[in-house]
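Here the protein sequences line up with chains A and B, keeping their order.
Take 1 as the starting number for the first sequence in the working numbering and just add one per residue.
Take 1001 as the starting number for the second sequence in the working numbering and just add one per residue.
Using N, Cα and C, we set each Cβ at its ideal position, and we do this for glycine too.
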Amino acid sequence: ETGVTQTPRHLVMGMTNKKSLKCEQHLGHNAMYWYKQSAKKPLELMFVYSLEERVENNSVPSRFSPECPNSSHLFLHLHTLQPEDSALYLCASSQGAGSSGNTIYFGEGSWLTVV
Amino acid sequence: GQQLNQSPQSMFIQEGEDVSMNCTSSSIFNTWLWYKQDPGEGPVLLIALYKAGELTSNGRLTAQFGITRKDSFLNISASIPSDVGIYFCAGRGNAGNMLTFGGGTRLMVKP
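Put into structure tokens, the structure is as follows:
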């Protein structure tokens, strides 16, 4: 139990589907993140929310749409994805975004396969 | 932007051997973190370092924040089969910057 819970753990979707990934953190943190992990690539930061406001969007295509309704929950809405979007999507949280000395904690990830 | 070079990319060792891996950055970092990722799971924090020269242990794992602030090392002593996984370093420079991750070191341990 890492304190950051992601659902679903596995998702297979067609290119025309709409689905969402959900993340919940139980650590009392005020910053949440979405990362993408593809084979043989470093972790890629996608979005950062601090105090429920998006503070970073790393040139992510609009077919990925994040939502942070409160400091404990983070969603990633998926629409008209491409097969190359298949990857492990990791949610993470921390106390403070980008603060020197803070540490981020990851969820177990959601494996996404786009067919 | 900040870049991290992590090496080696992979290691195949015999159970009982010691392991050493490192990360170097193109700029000064104020925080170094080491994570381990088991197959099919998210990365789990192993050790966090916040001060140049700091040496911190977690069981058989020891990590050091290089005095130049541009590198960090992780050592695993007396490896066991459950040490198998991918080890990631991560670092942050100035406050306000996001973490930068290394490419990972894939460790395989032969019983």
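Under 8 Å Cβ to Cβ from residue i, same chain only, skipping five residues before and after it: list those, please.
i       : result
B:M1011 : V1019, M1021, T1105, R1106, L1107 and M1108
Using the beta-carbon count (16 or more within 10 Å), is residue i buried or exposed?
i       : result
B:L1004 : buried
A:V4    : buried
B:E1017 : exposed
A:M15   : exposed
B:I1080 : exposed
A:V114  : buried
B:G1053 : exposed
Taking only beta-carbon atoms, is residue i less than 8 Å away from chain B?
i      : result
A:V115 : no
A:L45  : yes
A:F64  : no
A:E52  : no
A:V12  : no
A:T2   : yes
A:T103 : yes
Given residue i, which residues of its chain have a CB within under 6 Å of its CB, disregarding the five upstream and five downstream residues?
i     : result
A:H79 : K18 and R63
A:S65 : H77
Looking only at C-alpha atoms, which of the options sits nearest to residue i?
i       : options                               : result
B:F1073 : B:S1082, B:L1099 and B:C1089          : B:C1089
B:E1015 : B:A1063, B:N1097, B:I1076 and B:R1092 : B:I1076
A:P61   : A:P69, A:L51, A:N70 and A:L45         : A:L45
B:N1094 : B:T1056, B:Y1050, B:R1060 and B:L1055 : B:Y1050
Skipping 5 residues on each side, what residues in its chain have a beta carbon closer than 7 Å to that of residue i?
i       : result
B:V1084 : L1107, M1108 and V1109
Counting only beta-carbon atoms, is residue i nearer than 8 Å to chain A?
i       : result
B:L1046 : no
B:L1011 : Note that residue 1011 of chain B is Met in the sequence shown here, rather than Leu. False, the Cβ-Cβ gap to chain A never drops below 8 Å.
B:L1107 : no
Give the interface partners of residue i over in chain D, defined as CB-CB distance under 9 Å, in chain order.
i     : result
A:V60 : Among the protein chains of the structure shown, namely A and B, there is no chain D.
> If you scan the segment 1016-1066 of chain B from start to end, which runs of the beta strand (DSSP E) of 3 or more residues do you find wholly inside it?
Replying inline: 1019-1025, 1031-1037, 1044-1049, 1055-1058 and 1061-1065
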